[in-house]
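For the record, the sequence lines run as chains A and B.
Numbering-wise (my numbering), the first sequence opens with residue 1 and increments by one.
Numbering-wise (my numbering), the second sequence opens with residue 269 and increments by one.
Remarks on the structure that follows.
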Amino acid sequence: MKNDNKRNGLIINILSLIGFIIFWHVLVALAREQIFNIPFMRLKDVPTPIETWYALVGSMFTRTYGPGLTYGIINHIEASLVRVIQGSALAFIIGVPVGIGIGYSRLIHNILNPIIEIVRNMPPMAWIPLAIFILVSGGSIFIVFIGVVFPIIINTIYGVRSTDSRLIDAARMLGASQAQIVTKVIIPSAFPSIIAGLRIGFGVGWMAIVAAEMVIRSPVGLGYFIWNMGDLGRYAEMVAGMIVIGVIGYFMNISIVLLQKRVIKWVD
Amino acid sequence: MKTLANIILVVIVTALVAGCVDENKTPDQPINLVKMGGQDMVQRLGAGEIDGFIGWEPYPAIAITKGYGKALIYSGDIWDEHPCCVVAYDHDWYKQTENADEILNRMALVQLRSVEYINNAKESSSPDHDDLINYSMVFGGMTDREAAELSLKDVAFVYSPNIPGTEKFISKIMDFNIFDSNKWNQSGYVNASDYANNLITNRYVNWALLNREKDLKSLALKEPATVRYGYLVNDVHELPFYVGWQKGWFTDVGINITLSEGTPFQNGAFQMQKGFKTNAVDIGSLGIPPVIIHRINSNDFAIDDARVGVISGMNNEGSVIVVANNITSLADLKGKTVGFPGPGTIQHVLFLMAAEEAGVKVSY
Numbered sequence: 001m002k003n004d005n006k007r008n009g010l011i012i013n014i015l016s017l018i019g020f021i022i023f024w025h026v027l028v029a030l031a032r033e034q035i036f037n038i039p040f041m042r043l044k045d046v047p048t049p050i051e052t053w054y055a056l057v058g059s060m061f062t063r064t065y066g067p068g069l070t071y072g073i074i075n076h077i078e079a080s081l082v083r084v085i086q087g088s089a090l091a092f093i094i095g096v097p098v099g100i101g102i103g104y105s106r107l108i109h110n111i112l113n114p115i116i117e118i119v120r121n122m123p124p125m126a127w128i129p130l131a132i133f134i135l136v137s138g139g140s141i142f143i144v145f146i147g148v149v150f151p152i153i154i155n156t157i158y159g160v161r162s163t164d165s166r167l168i169d170a171a172r173m174l175g176a177s178q179a180q181i182v183t184k185v186i187i188p189s190a191f192p193s194i195i196a197g198l199r200i201g202f203g204v205g206w207m208a209i210v211a212a213e214m215v216i217r218s219p220v221g222l223g224y225f226i227w228n229m230g231d232l233g234r235y236a237e238m239v240a241g242m243i244v245i246g247v248i249g250y251f252m253n254i255s256i257v258l259l260q261k262r263v264i265k266w267v268d
Numbered sequence: 269m270k271t272l273a274n275i276i277l278v279v280i281v282t283a284l285v286a287g288c289v290d291e292n293k294t295p296d297q298p299i300n301l302v303k304m305g306g307q308d309m310v311q312r313l314g315a316g317e318i319d320g321f322i323g324w325e326p327y328p329a330i331a332i333t334k335g336y337g338k339a340l341i342y343s344g345d346i347w348d349e350h351p352c353c354v355v356a357y358d359h360d361w362y363k364q365t366e367n368a369d370e371i372l373n374r375m376a377l378v379q380l381r382s383v384e385y386i387n388n389a390k391e392s393s394s395p396d397h398d399d400l401i402n403y404s405m406v407f408g409g410m411t412d413r414e415a416a417e418l419s420l421k422d423v424a425f426v427y428s429p430n431i432p433g434t435e436k437f438i439s440k441i442m443d444f445n446i447f448d449s450n451k452w453n454q455s456g457y458v459n460a461s462d463y464a465n466n467l468i469t470n471r472y473v474n475w476a477l478l479n480r481e482k483d484l485k486s487l488a489l490k491e492p493a494t495v496r497y498g499y500l501v502n503d504v505h506e507l508p509f510y511v512g513w514q515k516g517w518f519t520d521v522g523i524n525i526t527l528s529e530g531t532p533f534q535n536g537a538f539q540m541q542k543g544f545k546t547n548a549v550d551i552g553s554l555g556i557p558p559v560i561i562h563r564i565n566s567n568d569f570a571i572d573d574a575r576v577g578v579i580s581g582m583n584n585e586g587s588v589i590v591v592a593n594n595i596t597s598l599a600d601l602k603g604k605t606v607g608f609p610g611p612g613t614i615q616h617v618l619f620l621m622a623a624e625e626a627g628v629k630v631s632y
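Structure follows, in structure tokens:
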């Protein structure tokens, strides 16, 4: 019964995707034949799914034309992913200790919380102009860091504060030191929440990297690719790049969920 | 706790490996071309964020007079008399305007008159020199007189369209795979020459040459016509339009210039996509590269909405590779970052030509 439900769900998922692709194609075809258009939109300029597919395949790999290397989508994906991983790793390394400190210590909470409450409400994109001016390089990584670090801090604080006080009391009665209480009780208890923060942060970081690459220019990156293709009127390649971003974001989310299930075995 | 330690270890190792992968991406050390606007080029060279740029006037002149860098190669030394900016009209406007040919004749005549004025006034002994410098400063957004003087020196203002140069440019664009191949096939052009000759006409400049000595007012349209004009922001290459406008020569021939929505445009691609294609611009000045590219790539061939025609030149040459003061050759730029206005621009093509000549690879 459970397997049947799962299979039916999968079939509906696939049919939904196919339906969306057909809807997209029909909408563009009707606009091109001047049968139907949504007011204030130039739907006829939108590439069809088939054109987008060919554009994706055609721009997948790096090619050389004369002295110029034209990076393929694979290189752009790699560059964007590397930046997201670097920014997220930095956010994890800084965000987790800060979150534990704020969650566990009233003093640290009183010192850092007002600053974090203000800064976390500034969207990562608002940092882009500042990143351009204050950083000689690594501006995009910095924007990812800003996007990822606050969800990690907030979730870590929540995780620390949700630790069952009976577990802490029991550890204390058994003679555990403060450090042991933190490392043996609080961190394992907060870990699912920390990973949830990383998952949220990764999503924000992935969105932020695309915006950052459009503004903080580098020769390679998916944001840069989309912007360039738009400038050249290569709309099929541009939409292909957008779809790649969506697909990678989806798989990143799935990967973290799987990681969560694999490493946190003490939580259902 | 072991799990957490393992995860932190994996995170750190991943970050380090990712960093190494990024560092080793360019083993053959090409020059990294990074797209940016003209103002950005100057500021980022001054801040040391880039090691050079290839830009159009006035940005090279501004960077040089501020002491941020020096001219390494003038575009005329890469490609003698290469085409650059032109005057173009929207084909939809042409079809809907009864006396479009009469208007275009007079637009070409004002262009001719302005170019002749500028070329005379460029001489420092000319009585019009001060006025010309003032026009350049206002139109080019410059505050430094020295920069304005310098910005005019390497620009060859012209009125005749450069058809052989355009053919060569189209061939380069094809070599660099910038056209959408499906759209190119739809266009029906058989080669670069066919396309260039379809895009550009000399008929209006020929009419202007026949009437060059006549008083402008004697050639005024019977009924004044209003033209929505589009141009690029601070582009000294388009100075002939500004001179003609300020001198009142368009009014003399019966043309009321109104600036189109979106003017001044940030770049030619934007002017083609948001100006000509949407019928917001009737006539405008912009680089020949966006005209060539977007007439193919952004065009809906069922209705030819991005179709434009070129009636006259604006300038040839007028771009410069500007580099930090410690750079002495293109080879010195290997592994370094250089600003450029974007793929498919004349500056992009010129830089690729210079790199090919110097045996240097370029990534972008």
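Glycine included, C-beta positions come from ideal geometry on N, C-alpha and C.
Just so you know, these numbers come straight off a predicted model, no measurement behind them.
- For residue 44 of chain A, the chain B residues whose Cβ falls inside 7 Å of its Cβ are 568, in order along the chain.
- Put simply, of A:138, A:204, A:119 and A:223 the residue whose alpha carbon is nearest the alpha carbon of residue 317 of chain B is A:138.
- Taking CB atoms only, residue 557 of chain B has no neighbour in chain A less than 8 Å away.
- At least one CB atom of chain A sits nearer than 8 Å to the CB of residue 541 of chain B.
- Residue 69 of chain A belongs to the set of residues whose beta carbon lies under 8 Å from a beta carbon in chain B.
- Residue nearest to residue 412 of chain B within the set B:329, B:302, B:630 and B:477 is B:329 (criterion: CA-CA distance).
- In the displayed model, residue 585 of chain B falls within a strand according to three-state DSSP.
- Annotation for residue 356 of chain B: the continuous beta strand (DSSP E) segment containing it runs 353 to 358.
- The alpha-carbon separation between residue 357 of chain B and residue 248 of chain A amounts to approximately 43 Å.
- With fewer than 16 other CB atoms across the displayed protein chains lying within 10 angstroms of its CB, residue 42 of chain A is exposed.
- Taking 8 Å as the cut-off, the Cβ atoms of residue 83 of chain A and residue 209 of chain A count as close.
- Residue 232 of chain A has a beta carbon lying within less than 8 Å of a beta carbon in chain B.
- Note that the C-beta distance between residue 562 of chain B and residue 570 of chain B is not below 8 Å.
- For residue 52 of chain A, the uninterrupted alpha helix (DSSP H) segment begins and ends at 49 to 58.
- When B:614, B:632, B:625 and B:339 are compared, the shortest CA-CA separation from residue 354 of chain B is found for B:614.
- Residue 13 of chain A and residue 525 of chain B have their C-alpha atoms roughly 57 Å apart.
- Under the three-pair Cβ rule at 8 Å, the segment 303 to 310 of chain B does not count as touching the segment 472 to 488 of chain B.
- Remark: fewer than three beta-carbon pairs, one from each stretch, lie closer than 8 Å, so the segment 389 to 403 of chain B and the segment 550 to 558 of chain B are not flagged as touching.
- In the displayed model, residue 338 of chain B falls within a strand according to three-state DSSP.
- Against chain B, a Cβ distance below 7 Å from residue 219 of chain A picks out 300, 301, 302, 631 and 632.
- Assignment of residue 545 of chain B by DSSP, reduced to helix, strand and coil, places it in the coil class.
- The residue among B:584, B:428 and B:349 with its C-alpha nearest the C-alpha of residue 378 of chain B is B:428.
- Residue 533 of chain B and residue 597 of chain B have their C-alpha atoms spaced approximately 33 Å apart.
- Excluding residues up to 5 positions away in sequence, 142 lie with their Cβ nearer than 7 Å to the Cβ of residue 135 of chain A in the same chain.
- Taking 7 Å as the upper bound on Cβ-Cβ separation, chain B lies near residues 136 of the segment 136 to 169 of chain A.
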